[in-house]
Amino acid sequence: MTGANLDQADLSLARLNHTLIDDRTVLSEKWRLVHQLNNQGVGELSLVEADLSGANLNEIDLRAVDLSGADLSGATLEGANLQGSNLSDSNLENSHFFIANLESVQLTSANLAQADLRAANLLGADLTGTDLREADLTIARLDNANLADSNLSNSNLEASLLTGANLENVTLTQANLFLSDLRGVNLTGANLDNARLTGADLTDSGLSLGSLSGAALEGIASQNIDLQGVDLSRQNLANVDLSGANLSGSDLSYANFSNANLSNANLSSADLRGANLSQANLTGANLGDANVRQVNFAGANLTQANLEGITAGNTNFCGAIMPDGVERIC
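Each position in the sequence shown, counted from 1, maps to that position plus 728 in the numbering used here.
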């Protein structure tokens, strides 16, 4: 490209590495910067608020670089290494980070709407307040990342790794979390309305004061989960393992818990009106002060369960094993 006039050329996504330009090449400042990054690296360049929109930066080394406020919308950084970089307040809308290394990256308040982050490494990244609407995070690594107050509505997190992550007050409406690993995640106050959590592992996670209206919860693993005060009314939780779960004060009315494992669960003061708990394992569960009107406990195991102060009426205990170990005769 030596001596070429590229002033009006659209170089979006063009590979500029291993290309030659000289002083006679007519090229905008933006694309000269992209060319330099691809061929000489960052060096002493300042990339704060840099315009790199539409740039092809695949496999580039941008470790520990300050890109705060930069415009990388539509750029492709597939396989790039940005470990420890600062991308806070940057525009990354519709950017491509497939298999990129974003470990410990600062992405606070960044715009990642519709970004491609498939299989990206975001271990320990700070994504506080980030816009991730419709982003693709399939099989991404987000363990120990901070996503508090972020918007992940309609995002795809299928089979992603989120162990130990902070998702407090996150918006995950209509998000796909199928088979995702959410063990030990803080989801306090999170909005998961209409999200797909089928097959997800929520063991030891906390979702108190969160919302799961219309969420798909079939086949989830949820031992020791904190669901205090959560609305699970009319949810299908048949065969789900909720052993040791905290459901105190939760709305469980008309939910289906048939064959569920609720052993040692805390259901105190819960609203269980009309719920189906047939064949459920409630061994050692605490149902103190719970509303169990019209509940179906047929065949349930209530051995050593606490039923003190329950509000009952038209409650079916047919064939249930009561707290004293005696089966209720129909």
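C-beta atoms are modelled at their ideal positions from N, C-alpha and C, and glycine is treated no differently.
For residue i, the three-state DSSP class (helix, strand or coil)
i	result
Arg-846	coil
Gly-812	coil
Val-754	Only weak support is given to the placement of Val-754: the predicted model assigns it a pLDDT of 47, under 50, and the value that follows is read from those uncertain coordinates. Strand.
Leu-1062	Given that the chain is displayed from residue 729 to residue 1058, the structure contains no residue 1062 and the question cannot be resolved.
Ala-732	Here Ala-732 scores only 48 on pLDDT, less than 50, and its place in the model is too uncertain to base an answer on.
Gly-1016	coil
Leu-889	strand
Gly-1043	The identity of residue 1043 in the sequence shown is Thr, whereas the question assumes Gly. The answer is coil: DSSP assigns Thr-1043 none of H, G, I, E or B.
Arg-924	strand
Ile-827	coil
Asn-919	strand
Arg-1021	coil
Val-1054	coil
Asn-992	coil
Thr-901	coil
Ala-949	strand
Asn-884	strand
Gly-934	strand
Ser-961	coil
Arg-869	strand
Ala-1028	coil
Asp-877	coil
Asp-909	strand
Asp-817	coil
Asn-822	coil
Thr-1011	coil
Ile-1049	strand
Ser-774	coil
Asn-786	coil
Asn-914	strand
First and last residue of the uninterrupted alpha helix (DSSP H) at residue i
i	result
Glu-757	757-768
Test item: CB-CB of residue i and residue j under 8 Å
i	j	result
Ala-928	Leu-910	yes
Leu-1005	Leu-975	no
Thr-1011	Thr-1031	yes
Asp-859	Asn-884	no
Leu-805	Leu-785	yes
Ala-1033	Leu-1015	yes
Gly-1037	Asp-1017	yes
Val-833	Ala-853	yes
Ser-681	Leu-815	In the structure as shown, the chain starts at 729 and stops at 1058, and residue 681 therefore has no counterpart that could be examined.
Ala-808	Leu-780	no
Thr-926	Phe-906	yes
Ala-973	Ser-986	no
Asp-954	Gly-934	yes
Euclidean distance between Cα positions of residue i and residue j
i	j	result
Ser-888	Leu-865	7 Å
Asp-789	Leu-895	29 Å
Leu-840	Thr-899	14 Å
Gly-857	Asn-872	16 Å
Ala-1040	Ser-813	59 Å
Glu-772	Ala-778	14 Å
Leu-870	Ala-1026	42 Å
Ile-1049	Arg-1056	6 Å
Ala-1013	Leu-945	21 Å
Val-754	Leu-915	Confidence is the limiting factor: at Val-754 the pLDDT is only 47, short of 50, which leaves the residue's position unreliable, though a coordinate-based value still follows. Near 53 Å, if we compare the C-alpha coordinates of Leu-915 and Val-754.
Leu-875	Ala-893	7 Å
Asn-828	Leu-845	Sequence inspection shows Ala at residue 828; the Asn mentioned does not correspond to that position. Roughly 8 Å separates the two Cα atoms.
Leu-734	Trp-759	With a pLDDT of only 46 at Leu-734, under 50, the local geometry of the prediction cannot be trusted, and the value read off the model is given with reservation. Leu-734 and Trp-759: Cα-Cα distance of roughly 10 Å.
Asn-897	Gly-938	8 Å
Ala-838	Ser-936	27 Å
Ser-978	Arg-861	29 Å
CB-CB length for residue i against residue j, believed under 8 Å
i	j	result
Ser-823	Ala-803	5 Å
Asn-984	Leu-970	That belief does not hold up - the Cβ atoms of Asn-984 and Leu-970 are roughly 12 Å apart, past 8 Å.
Ser-796	Val-776	6 Å
Ser-997	Tyr-982	No, Ser-997 and Tyr-982 are not in contact; Cβ-Cβ is about 17 Å, not under 8 Å.
Thr-931	Ala-918	That pair is no contact at about 16 Å.
Glu-831	Gln-811	5 Å
Ala-843	Ile-867	Not really, about 15 Å apart at Cβ, beyond 8 Å.
Asp-877	Thr-901	Asp-877 to Thr-901, Cβ: 14 Å. No contact.
Within-8 Å CB hit, residue i to chain B
i	result
Thr-926	Reference to chain B is not applicable here, since this structure consists of a single protein chain.
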